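See below for the structure under consideration.
2 protein chains.
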Amino acid sequence: MSKNLTKRSEDYSKWYNELVVKADLAENSGVRGCMVIKPYGYAIWEKMQAELDRMFKETGHSNAYFPLFVPKSMFEAEEKNAEGFAKECAIVTHYRLKNDPDNKGKLMVDPNAKLEEELIVRPTSEAIIWSTYKNWIQSYRDLPLLINQWANVVRWEMRTRLFLRTAEFLWQEGHTAHATQAEAIEESVKMMNVYADFAENFMAIPVVKGVKTESERFAGAIETYCIEALMQDGKALQAGTSHFLGQNFAKAFDVKFANAEGKQEHVWGTSWGVSTRLMGALVMTHSDDNGLVLPPNLAPIQVVIVPIYKSEEQLEAISIEVNKLMVGLRKLGIAVKFDNRTTHKPGFKFNEYELKGVPVRIAVGPNDLENGTYEIARRDNLTKEVVSKDGIETYIQNLLETIQKSLYDRAFEYRNNHITEVNSFDEFKQLLDSKGGFFAAHWDGTAETEEKIKELTKATIRCIPLDRVEEAGTCMFSGKPSVGRVLFAKAY
Amino acid sequence: MSKNLTKRSEDYSKWYNELVVKADLAENSGVRGCMVIKPYGYAIWEKMQAELDRMFKETGHSNAYFPLFVPKSMFEAEEKNAEGFAKECAIVTHYRLKNDPDNKGKLMVDPNAKLEEELIVRPTSEAIIWSTYKNWIQSYRDLPLLINQWANVVRWEMRTRLFLRTAEFLWQEGHTAHATQAEAIEESVKMMNVYADFAENFMAIPVVKGVKTESERFAGAIETYCIEALMQDGKALQAGTSHFLGQNFAKAFDVKFANAEGKQEHVWGTSWGVSTRLMGALVMTHSDDNGLVLPPNLAPIQVVIVPIYKSEEQLEAISIEVNKLMVGLRKLGIAVKFDNRTTHKPGFKFNEYELKGVPVRIAVGPNDLENGTYEIARRDNLTKEVVSKDGIETYIQNLLETIQKSLYDRAFEYRNNHITEVNSFDEFKQLLDSKGGFFAAHWDGTAETEEKIKELTKATIRCIPLDRVEEAGTCMFSGKPSVGRVLFAKAY
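Printed below as a string of C-alpha cells:
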C-alpha cells in the first residue's frame, strides 16, 4: 500500500483532504456539499457519540427526537435566529414527483403538489423545539427540562470541506429550559465544561474556554460559550459551543411557566452542540505525514497484530500464540485485530495501519516465538521495542494510556507555544503569517474594529478567554482603551 | 394521576392514539405528519437500537452514513424503485430565504436561489448508496460489502398515525453487495432471521416469516422477505423487511467487479430495514386498558420503588432500606428507580407507573420494614405478593425473566389462536370481521385476484409463509388451482 500522501509542510490543506479520503474516514458524495462518512470514520464518530452520550446522561439529560422540517412561519418566529440562518436554508416546496411527459423514464416535480407552506430543512432546531416546549411547560415543577437530540442538520454552504464544512452534517444539540436566568447560565457553562473535558481527556485536544464577541455569537443567543482548539498549521478551530439564550426563544414561542407563587414568567433557555466537525479537529491535531494518529480512546482498532512468516507452519505456530494474546487483551477491554491475511505482505500491512492511525502495532515472527518476545511499535512517535511476552497484556494496557497522555501533552505544548502576546498591529500581522496560532491582544470592544481586523488579516476574535486577567491596555488597532486581552486567530 | 384511557374494546384505534401520548412516547408536532419522539419513548427506541446494532455487528456489518438528499437524476436511475416512491417524495428546490419586501419581519423563498437539479429527501437510500458503491467495488476482494445506516427518512404520507405511519421516521437500513446470487439470498434470509430473533426474543413479539407477493414487494426488489406480527385487534403489522435486490441496482448504477478469473460481473444486492414503527407494534402487542405493558428488555425503568409513609421519619427509615436494595439490583444490571417525591401520593404514583408500563413495582411501608418484606406488583398480569427481603434481588431478577417470557407466551397464544384456515370466500369474509387475525387460504397466484380481494375486504396477502406446506387446493376467490396457502389479513 503506497500512501502518496502530500507532506504537511508542502500543503497542509491538501494533506488534510487526501488523508481523510485515504484513511477511509469520508469522501465527497454525488450530492453537492454532502459527504459520505465511511465505516472507519463512522466507527470513530460512534466512539465520540457513546462517550458524549454517557456524559450528557450523567449530567441529567435525556434524548428525544424532533422533526427534520420546520415550517417557514415557525422558523421566522425568532427573528435574529431566522435572519442568521436564512441564507443557508434548504427548502422543501413540493411533495410529489410525476412522470415527465416529455422525457420517457424520467420524473419531474409535480406542479400540483406544491406545499401550502414551505418547509425548511433544520439548520438547527431551536424553533421546532421551543414550539414544542410551549406544551410541555406549565409550571416550575416542569423545569428544568434537559433534552438532547442526535440528528442531521443542513446548512447550505458554498465552499465545503470534508467534516469541516459540509452542507449536511451530524451533530447533537442540547436544548434546555430553566426557571431562572442563573440556572440557565449555570447550564451553559456546565455544558461548555463537559465539552472541554471531552475534548481534552477523551480526544486529547487541549482547548481554550471563552465567550464569543457579539458578532461571532450564535444567532438568537445572549452569550455563546465556546471551546477553541489549535490545529498544527496554526489555525484555530471552534470545537463546541454552548449558548445562553436568555428568554429570546421563550418570548418568540410564548413559553411561560407558573412560578411557585403562581405568577406567569417566561422560561430561560440554553442550547449547545458539537458535530462531525470534531472529526476534522481530531485529524488536524494529531496526525502526521505518515497518516492518521488516533488517541487510543477513539481508535476502532487499538492494537493490530501482524504475523511475520515464511511458511504455513510458521503462520500456524504464530497464530496459536497470538490467539492467546488476543484473549488476554480483550479481557482488558482492548480492541485488538489479528491481520492474518495471506494476500498481503507485512510491509503493506504496516503501511496500512500507519495510515489508519492504529496506536499500537505488534509484529511477531519465528524468532519472537523462540525468544518469548513481541516487537511493539507505537504509532504516535514511530518508536519500536522488543518486549517479553510475560505481562505483555498489562504492558500494552499501560502503553495505550501513555500514548493517550503523550498525545495530549504534545498538542498542549504546541498550543501553549502558539499563544503569543502582541501589542501592536504590525507585530500581530507579521507573526500571524510567520508563526500562526492564537494572539492575545488588546481590543477596543467594538464590532467595527473587529471587522476591520478581519478584512485586513482574515483573523477573527476566537474568544474572550474565561480566565483572562483584567489588564488595562490600548487596542492594538484603534489605540482606544481596553480592559483585557482577547484571542485572535485565523480559523477553520 | 387520572388515566382516562379509552378501553380497547370500545375503540382500539382511539385507545392506541391516546396511550402513545399519555404514556409520553410521542406526540404530533407542529409539522404536518411529523412526530416528536418524547424522552420516554426515545429511551425505548434506544434500547431497540442498541440490541439491533449489536446483532448487526455480530453478523459482520459496519455502520456508515450517506447523504440525506438524492439528486433527481440519481433517484430515477433504478426505474421501479423511483416509480414506487415518486408519489411520496419531499423535494428541495431552493437553498436560500430572503426578507419578504412586502411583509416586514417575514421571510420568503429567494427565487434567485433555485437549485439546478432538485433534491429528493431520501425515502430510502438504495440510489445514493449504490451510486457510492460503484467507487468502492472493483474486485471480488471488495466483496461482500456489509453496511448499515441509522437514519431518518421521509415518505409523504397523507394519513399519518404516531409511529405507524409518519412523514418522517427513524430507521436503520442495511445495504449489502455480494459476488453471487446465492450469497445475496443467504444474506437476505439471514437478516430476516435476525429481525425475527429480535422481535421474538427481545421484544416478545411472535412473528411469521415469509415472502411478499409481487404486488406487496419493495419497489426494485426481486424478493421481499418479511416478518409479520399480529396486533390485539386482529390486524397484522409488517415488522421488518429484507430485500433480495438481484442485480437491479448494480445494473442501474453500473456496479461491477472483477471475479477471480478477472471477468467483469454485476454485483448482487440486498437491503433490509426496521423502523420506529416497531414502537407501534410494541404498544399494540402487549399493552392493556391500564396503559403500557413493557417487556423488561425494553423498559427504561424495570423496577420502580414507591415508599408508603405517614411521617418524615418513616420515609427516612424506608429510604435507608431502599438504598441498600437499589445497590443490589443495580449490581445485577437492573434499571431501578426510587420515586421518593413528596409531592405525590402513592396512588398517583401507582397509576403513573402502570400507565408507563414499568414491569415491576415494589411498595414498602413501615409494616414491611418491621416484617422484613416488600410488596411486589407485576404490571403484566396485575398480581401482587408480599416477599421476604432475603434474596429479594435474585427474586426480582428471575421475576423480570418470567415476565419477559410470559409476555411472549401470551402473545404467541393469541397469535396462534388467530391463524384460521378458511376454504371459501364467504367464510373468509365473515371471520375476517368477526374474529380477525391471519387467514390461511388458497390463492391462485395472480395479482388480479389479490387486488379484487383487497378491494372487497381491505385484506391483503401479508406473506407466503416460509414454512408453508405444499398442498394442492383451489383459490378461495377464483376457484383456480393453488399449490399452497398464503396468509391474508387486514393490516396496519
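Listed in order, the protein sequences are those of chains L and X.
Residues in the first sequence are numbered from 1 upward in steps of one, following the numbering used here.
Residues in the second sequence are numbered from 1001 upward in steps of one, following the numbering used here.
Built from N, CA and C at the ideal position, the CB exists for glycine as well.
In this text the structure is predicted, and so the values were computed from the model without any measurement.
Item, Value
"Cβ of ILE956 (chain X) within 8 Å of any chain L Cβ", "With chain X running from 1001 to 1492 in the structure shown, residue 956 (chain X) is simply not present."
"Cβ-Cβ separation, LEU97 (chain L) to VAL109 (chain L) (assumed contact under 8 Å), whole Å", "6 Å"
"When L:GLN149, L:ASP390, L:GLU46 are compared against LYS57 (chain L), the one with the closest alpha-carbon", "L:GLN149"
"VAL1469 (chain X) burial status per 10 Å Cβ neighbour count (16 or more: buried)", "exposed"
"Span of the beta strand (DSSP E) around GLN1049 (chain X)", "Element bounds for GLN1049 (chain X): not the beta strand (DSSP E) but the alpha helix (DSSP H), 1039 to 1058."
"Distance, VAL1020 (chain X) Cα to TYR12 (chain L) Cα", "53 Å"
"Inter-residue Cα distance where the pair is ARG415 (chain L) and LYS1324 (chain X)", "48 Å"
"Rounded C-alpha distance that separates THR1093 (chain X) from ASN112 (chain L)", "15 Å"
"Close-in-space but distant-in-sequence residues of the same chain around SER515 (chain L) (CB under 7 Å, 5 per side omitted)", "This structure does not reach residue 515 (chain L), given that chain L is present from 1 up to 492, and the question cannot be answered."
"8 Å Cβ cutoff met for VAL502 (chain L) and ILE464 (chain L)", "Not covered by the structure: residue 502 (chain L). The range shown for chain L is 1 to 492."
"Range of the contiguous beta strand (DSSP E) that encloses PHE488 (chain L)", "485 to 489"
"Members of the stretch 1376 to 1387 of chain X near chain L, C-beta cut-off 7 Å", "none"
"Whole-Å CB distance - LEU355 (chain L) paired with LYS14 (chain L), under 8 Å assumed", "Not really, about 16 Å apart at Cβ, beyond 8 Å."
"Validate contact between the stretch 73 to 82 of chain L and the stretch 125 to 137 of chain L using beta carbons, cut 8 Å, 3 pairs", "yes"
"Residue from L:TYR133, L:TYR140, L:LYS38, L:MET203 whose Cα sits closest to the Cα of TYR1133 (chain X)", "L:LYS38"
"Sub-8 Å separation of ALA177 (chain L) and ILE137 (chain L) beta-carbons", "yes"
"Sheet register partners of TYR1225 (chain X) (DSSP bridge)", "X:VAL1211, X:SER1242"
"Buried/exposed call for SER139 (chain L), threshold 16 Cβ in 10 Å", "exposed"
"Meets three-Cβ-pair contact criterion under 8 Å: the stretch 280 to 290 of chain L and the stretch 226 to 238 of chain L", "yes"
"Beta bridge counterpart(s) of ALA1151 (chain X) as assigned by DSSP", "X:TRP1171"
"First and last residue of the uninterrupted alpha helix (DSSP H) at PHE1085 (chain X)", "1079 to 1085"
"Below-8 Å beta-carbon distance, THR1213 (chain X) vs any chain L residue", "no"
"LEU456 (chain L) versus ALA489 (chain L): straight-line alpha-carbon distance, rounded", "13 Å"
"Those residues which DSSP pairs with LYS452 (chain L) across a bridge", "Its beta-bridge partners do not exist; DSSP assigns none."
"Under 8 Å from the C-beta of GLU1046 (chain X): neighbouring residues of chain L", "ASN63"
"Interface flag, ARG1054 (chain X) vs chain L, CB-CB below 8 Å", "no"
"Between the CA atoms of LEU399 (chain L) and ALA1501 (chain X) - distance to the nearest angstrom", "Not covered by the structure: residue 1501 (chain X). The range shown for chain X is 1001 to 1492."
"Backbone CA spacing between LEU298 (chain L) and ASN1371 (chain X) [nearest angstrom]", "52 Å"
"Rounded straight-line distance, which links the Cα of MET1191 (chain X) to that of MET48 (chain L)", "28 Å"
"Integer-rounded CB distance, given that SER242 (chain L) should sit under 8 Å from TRP268 (chain L)", "Not really, about 14 Å apart at Cβ, beyond 8 Å."
"For LYS384 (chain L): DSSP bridge partner residues", "L:ALA377"
"8 Å contact criterion, which PRO295 (chain L) and ALA239 (chain L) should meet: CB distance rounded", "Contact doesn't hold; Cβ gap of about 14 Å is too wide."
"Cut-off 6 Å between Cβ atoms - residues of its own chain near PHE249 (chain L), not counting five sequence neighbours on either side", "GLU78, GLU126, TRP130, GLY269"
"Inter-residue Cα distance where the pair is MET1 (chain L) and GLN397 (chain L)", "Per-residue confidence for MET1 (chain L) stands at a pLDDT of 48, beneath the threshold of 50, marking its modelled position as unreliable; no derived number is given."
"MET1 (chain L), DSSP secondary structure in three states", "Note that MET1 (chain L) has pLDDT 48, beneath the 50 cutoff, so the model's placement of it is unreliable and no number is given."
"Interface partners of ILE1128 (chain X) on chain L, CB under 8 Å", "SER29, GLY30, VAL31"
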